[in-house]
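Heads up: the structure comes next, in structure tokens.
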Ligand SMILES: Cc1cc2nc3c(=O)[nH]c(=O)nc-3n(C[C@H](O)[C@H](O)[C@H](O)COP(=O)(O)OP(=O)(O)OC[C@H]3O[C@@H](n4cnc5c(N)ncnc54)[C@H](O)[C@@H]3O)c2cc1C
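Below, the structure is given as structure tokens:
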């Protein structure tokens, strides 16, 4: 049977993009269908990953400038900078990323078309074009990479006031002095520290018992201290009762209760930003036409190779659920391409690092000290505080901690947990050592650039070794080469 294409990809975010690029390298004829009439790149480039990171970079620079040189004539960042300037900076980055994605597809001879794709059968996708016309295309394989969308707040909360989400916050015209963020996930915390660094007084209303409970406890303590420095307050176990305009006081009031206190509390704010989680874009894409199953939340079910119940149809990225990250979507899209065209590929390793782009940023891989205790593994930890790292001194940064968790018996590295400048890059050195079954002597026996944040690994390794030594193991034996 002959088809129009070897592969049709529905959605041009990181999962679709990487699948397209990899398949083109396998010399396959690929068509990408994208519903957004203006932009390729999905949440990744247009509303999520890249815009928030661009704003963050600007906020980080401003914060660092002020902490290094003090406030100019006592003015706080929101009195010196306009949101317009930050958005302009961010917009220039989005435009260049958009161009890059488009050029990469063209360079690799991947065709693209704008319209909403829907599965008709296991090899056919119908595209509803912007002008209302419908076209059908066939392919040997199909990838569904339609991503996810933000969940909306309840009607009751939306009734009396405007509530922003991660898309509409990008239209703000000024840096608010006060901001309430509803939600306790990573994106909520990222935005809290972006605005906190710009001098905004931020209140986070989290409906859960706590936030980021998987973090190493010492890293979490450091995060909480950094919230304090940036005027970010967190309220846990919160139920938001109402959000309403107060025209007399020209503000918005957020009324809420906590589990501990039944009385209604009020926060006055300029804006409310809502992060209530994400829902998969799996409706109206024709899953029922071919019998593809989803979870009850609507995420498409796939096997280890990202294949759905239908042999010719694959799915990757946010539409299949956890961990809903661009970093992972890139890899999933590539692995799906390999499986489709019979190219052997290594499955995703069990240990995936995480990066949380708060200011300061955080990253981790492997087990924490607390996990080890629960799992009854005998571990020792090594710590390096940024206040002891020359590079941090040079940059006038004193918040940060890198923590190594390793086996007390053979020094094998089992976990790395970092908060501080460069954490999301630094983590990959620990990841490599762990992937190759290495131990903490790696950081002592190899030359690490100086000054650099990487020095934290050396300091933490020595700190860890000293602890093991104190526990009665001969120092000489510890450092002996294998
Ligand atoms: C505020 C925020 C910050 C984030 N920061 C990070 C970060 O720092 N690091 C990280 O790794 N991840 C981050 N993420 C997550 C990341 O953006 C997503 O995990 C990633 O974009 C998912 O990729 P995807 O390919 O599945 O889908 P998407 O990027 O969402 O792309 C899906 C595309 O499919 C299109 N589409 C949908 N339905 C159809 C259809 N029927 N026909 C045609 N086209 C269709 C959409 O228009 C969209 O362009 C962040 C997310 C948010 C919201």
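In our numbering, the protein residues as written are 1047 to 1528.
Even for Gly, the Cβ is constructed at its ideal location relative to N, Cα and C.
Between the C-alpha atoms of residue i and residue j, what's the straight-line distance to the nearest angstrom?
i, j, result
"residue 1068", "residue 1382", "9 Å"
"residue 1249", "residue 1384", "45 Å"
"residue 1324", "residue 1483", "36 Å"
"residue 1150", "residue 1173", "23 Å"
"residue 1319", "residue 1429", "36 Å"
"residue 1468", "residue 1393", "28 Å"
"residue 1237", "residue 1351", "34 Å"
"residue 1233", "residue 1048", "45 Å"
"residue 1375", "residue 1074", "20 Å"
"residue 1354", "residue 1330", "17 Å"
"residue 1060", "residue 1132", "25 Å"
"residue 1030", "residue 1510", "With the chain covering only 1047 through 1528, there is no way to say anything about residue 1030."
"residue 1380", "residue 1292", "51 Å"
"residue 1235", "residue 1288", "22 Å"
"residue 1402", "residue 1154", "32 Å"
"residue 1346", "residue 1165", "14 Å"
"residue 1144", "residue 1096", "11 Å"
"residue 1409", "residue 1191", "26 Å"
"residue 1055", "residue 1163", "9 Å"
"residue 1136", "residue 1100", "5 Å"
"residue 1084", "residue 1416", "47 Å"
"residue 1158", "residue 1333", "22 Å"
"residue 1399", "residue 1387", "28 Å"
So is the beta-carbon of residue i under 7 Å away from any non-hydrogen atom of ligand 2?
i, result
"residue 1076", "Only ligand 1 can be found as ligands here, which leaves ligand 2 out of the picture."
Using a Cβ-based criterion (distance less than 7 Å to any ligand heavy atom), does residue i qualify as near ligand 1?
i, result
"residue 1530", "Because the chain is modelled from 1047 through 1528, residue 1530 falls outside the range shown and cannot be assessed."
"residue 1335", "no"
"residue 1098", "yes"
"residue 1179", "no"
"residue 1424", "no"
"residue 1399", "no"
"residue 1300", "no"
"residue 1404", "no"
"residue 1212", "yes"
"residue 1080", "yes"
"residue 1088", "yes"
"residue 1364", "yes"
"residue 1061", "yes"
"residue 1193", "yes"
"residue 1270", "no"
"residue 1327", "yes"
"residue 1226", "no"
"residue 1245", "no"
"residue 1341", "no"
"residue 1387", "no"
"residue 1058", "yes"
"residue 1371", "yes"
"residue 1154", "no"
"residue 1217", "no"
Comparing C-alpha positions only, which one of the options sits nearest to residue i?
i, options, result
"residue 1362", "1125, 1058, 1221", "1058"
"residue 1299", "1305, 1286, 1309", "1286"
"residue 1495", "1101, 1367, 1207, 1472", "1472"
"residue 1168", "1148, 1189, 1157", "1189"
"residue 1262", "1061, 1462, 1466", "1462"
"residue 1316", "1297, 1326, 1332, 1416", "1297"
"residue 996", "1460, 1060, 1399", "An answer regarding residue 996 cannot be provided, because it is not within the stretch 1047 to 1528 covered by the chain."
"residue 1124", "1397, 1104, 1228", "1104"
"residue 1260", "1418, 1055, 1093", "1418"
"residue 1197", "1283, 1507, 1211, 1410", "1211"
"residue 1160", "1180, 1141, 1142", "1180"
"residue 1301", "1226, 1176, 1186", "1226"
"residue 1290", "1102, 1341, 1314", "1314"
State the beta-bridge partners of residue i as determined by DSSP.
i, result
"residue 1083", "Its beta-bridge partners do not exist; DSSP assigns none."
"residue 1162", "1174"
"residue 1325", "1195"
"residue 1311", "1302"
"residue 1184", "1170"
"residue 1092", "Paired residues: none, contrary to the question."
"residue 1317", "1225"
"residue 1492", "Paired residue(s): none; residue 1492 is not in a bridge."
"residue 1431", "1447"
"residue 1286", "1302"
"residue 1189", "1055, 1360"
"residue 1049", "Residue 1049 pairs with nothing; no bridge assigned."
- Message: Using 8 Å as the cut-off, can you tell me whether the segment 1472-1492 makes contact with the segment 1257-1276, which would need three or more C-beta pairs spanning the two stretches below that distance?
- Response: no
- Assess, as a yes-or-no matter, whether the segment 1492-1506 is touched by the segment 1440-1450 under the definition of 3 or more beta carbon pairs within less than 8 Å. yes
- Item | Any 3 or more C-beta pairs closer than 8 Å across the segment 1200-1209 and the segment 1364-1374 | no
- Message: Across the segment 1239-1246 and the segment 1103-1116, are there enough close Cβ pairs to call them in contact, namely three or more that are closer than 8 Å?
- Response: yes
- Query: Does the count of Cβ pairs from the segment 1079-1089 and the segment 1219-1231 closer than 8 Å reach three?
  - Reply: no
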